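Engineer: Mapping to UniProt numbering: the sequence shown position 243 is 243, numbers consecutive. We put the beta carbon where it would ideally sit given N, CA and C, even for glycine. Keep in mind the model is a prediction, meaning the values are calculated, not measured. Below you will find the structure I want to go over with you.
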Amino acid sequence: MTPSNNSSFQQASEATSFLKDCLPDPLKVPRVAIVCGSGLGGLASTIQDLPRVEFDYASIPYFPSLTVAGHAGKLVFGMLEGQVPVVLMVGRAHYYEGHSIDEVTFPIRVFKLLGIDTIILTNAAGGLNPEYMVGDIVLLNDHIFLAGLAGIHPLRGPNVEEFGLRFPPLSDAYDLELRRHTHEAWAKGVKTDRKLHEGIYAFVGGPSYETRAECRMLRQLGADLVGMSTVPEIVVARHCGIRVLALSLVTNKAVLSPIPRGDDQVLLGKDVGELEAILQEGKANHEEVLEAGRSAAIEMQVGPILDQSLRAHSDQI
Ligand code: HPA
């Protein structure tokens, strides 16, 4: 069922009551939610010990169902390091699947009603910044939401006062304190060849990957990364006052060089195979995106960045 703006509070309340009724006491009020992006579902194995409770999205009232291979759909409740009650969202609904922007962001409002004060969102993204390498991690510090600017916006419609203000500011959407902690934790504790950057994420609707001209446009607008998720969730999280830490895994480098012209001198004498090789360079594909996600999740699941930044966070709460 589609959550409409004005009933979103009731629907989120219903989903929240359903979850709370099924959860044992220590897990009823999670403090932190972690959204695992494409291929990053392995992060759920961070939570092994009991109590641990899983819900398929299909079993939760009004939760969106997922249609994309490689994106499971479950909430995992557990204790991180036996201390911090957390909920992991393994797989997210995307706008390109045909869900409305309200459906995509519905789980965030359920998290708010569960009592979450901080959300950590992860995603797979294409690197527009030429310094980014596949496998690097980028802490988001801002975004460009072209669809939102044009009115495809999760807060469009009557404001749901129970959640927040009509005109929420987003100039400080990406929590500085949490970013500081993450840099510190990374410098201290993360043994990896991956680099940690900070950058700006541009949301696109997908599902096609961008053309070269679109990549150049987004780069010229100031974006360091491009991806098909996260930003609508962040807008809704900030509307209801949840602190946000967002991390992108660079799964591919966006192609910024113009497509060769048909009359380009360098193409003279090249056969079809050679032309094909030129065109293949940097071409994005979903399998490559999932594979980069899987290897990052394996390396990162037990501790390094999420664990460290959560531990830093649990010191504060
Ligand atoms: N573009 C959009 N979304 C993505 C990409 C990309 O290049 N890589 C992973 N998600």
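Exposed or buried, residue 406, counting other C-beta atoms within 10 Å across all chains shown (16 or more means buried)?
Structural biologist: With the chain covering only 1 through 317, there is no way to say anything about residue 406.
Engineer: Between the C-alpha atoms of Ser-100 and Gly-205, what's the straight-line distance to the nearest angstrom?
Structural biologist: So the alpha carbons of these two residues sit roughly 11 Å apart.
Engineer: Using DSSP's beta-bridge definition, name the partner residues of Asn-123.
Structural biologist: Ser-248
Engineer: Under a three-way DSSP split, which group does Tyr-201 fall into?
Structural biologist: DSSP places Tyr-201 in strand when its eight states are reduced to three.
Engineer: Can you have a look at Met-133 and say buried or exposed, based on whether 16 or more other CB atoms are within 10 angstroms of its CB?
Structural biologist: exposed
Engineer: What ranges does the beta strand (DSSP E) occupy inside the segment 88-134, keeping only unbroken runs of at least 3 residues that lie completely in it?
Structural biologist: 118-127
Engineer: Touching or not, the segment 207-224 and the segment 119-132, by the rule of three or more beta carbon pairs under 8 Å?
Structural biologist: Output reads yes: the segment 119-132 touches the segment 207-224.
Engineer: Contact check, Thr-211 vs Pro-154 under 8 Å by CB: the rounded distance?
Structural biologist: Here Thr-211 is actually not in contact with Pro-154; their C-beta atoms are around 26 Å apart, not less than 8 Å.
Engineer: Less than 8 Å between the C-beta atoms of Met-79 and Asp-49, yes or no?
Structural biologist: yes
Engineer: Count the C-beta pairs between the segment 231-242 and the segment 161-173 that are closer than 8 Å, then say yes if the count reaches three, no if not.
Structural biologist: yes
Engineer: Tell me the start and end of each unbroken alpha helix (DSSP H) in the segment 139-182 that is at least 4 residues and wholly inside, in chain order.
Structural biologist: The qualifying runs are 146-149.
Engineer: Near Val-87, which residues of its chain fall below 6 Å by C-beta distance, leaving aside the five closest residues on each side in sequence?
Structural biologist: Cβ neighbours of Val-87 beyond the five flanking positions: Pro-30, Ala-33, Leu-75, Phe-77.
Engineer: Contact between the segment 36-44 and the segment 90-98 is defined here as three or more beta-carbon pairs at a separation below 8 Å; is this criterion met?
Structural biologist: yes
Engineer: Run through DSSP, which three-state label would Cys-36 get?
Structural biologist: Cys-36: strand per DSSP, three-state reduction.
Engineer: Can Val-84 and Leu-247 be called in contact, C-beta distance under 8 Å?
Structural biologist: It is not a contact, given that the beta carbons lie outside the stated cut-off.
Engineer: Taking 7 Å as the cut-off, is the beta-carbon of Glu-210 closer than that to any non-hydrogen atom of the ligand HPA?
Structural biologist: yes
Engineer: Report the rounded CA-to-CA distance for Pro-51 versus Asp-21, giving the unit in angstroms.
Structural biologist: Distance between the alpha carbons of Pro-51 and Asp-21 is about 15 Å.
Engineer: Measure the beta-carbon distance from Thr-67 to Glu-97 and round it to whole angstroms, keeping in mind my assumption that it falls under 8 Å.
Structural biologist: 5 Å
Engineer: Would you say the beta carbon of Tyr-251 comes nearer than 7 Å to a heavy atom of the ligand HPA?
Structural biologist: According to the sequence provided, residue 251 is Thr. The question's Tyr does not apply to it. True, at least one ligand heavy atom lies under 7 Å from that Cβ.
Engineer: Measure the beta-carbon distance from Leu-275 to Leu-267 and round it to whole angstroms, keeping in mind my assumption that it falls under 8 Å.
Structural biologist: That belief holds up - the Cβ atoms of Leu-275 and Leu-267 are roughly 7 Å apart, short of 8 Å.
Engineer: Tell me the start and end of each unbroken alpha helix (DSSP H) in the segment 244-297 that is at least 4 residues and wholly inside, in chain order.
Structural biologist: 272-280
Engineer: DSSP three-state call for Glu-54: helix, strand or coil?
Structural biologist: strand
Engineer: Quick check: the Cα distance between Ile-108 and Arg-261, rounded to an integer number of angstroms?
Structural biologist: Answer to the nearest angstrom: the Cα atoms are 46 Å apart.
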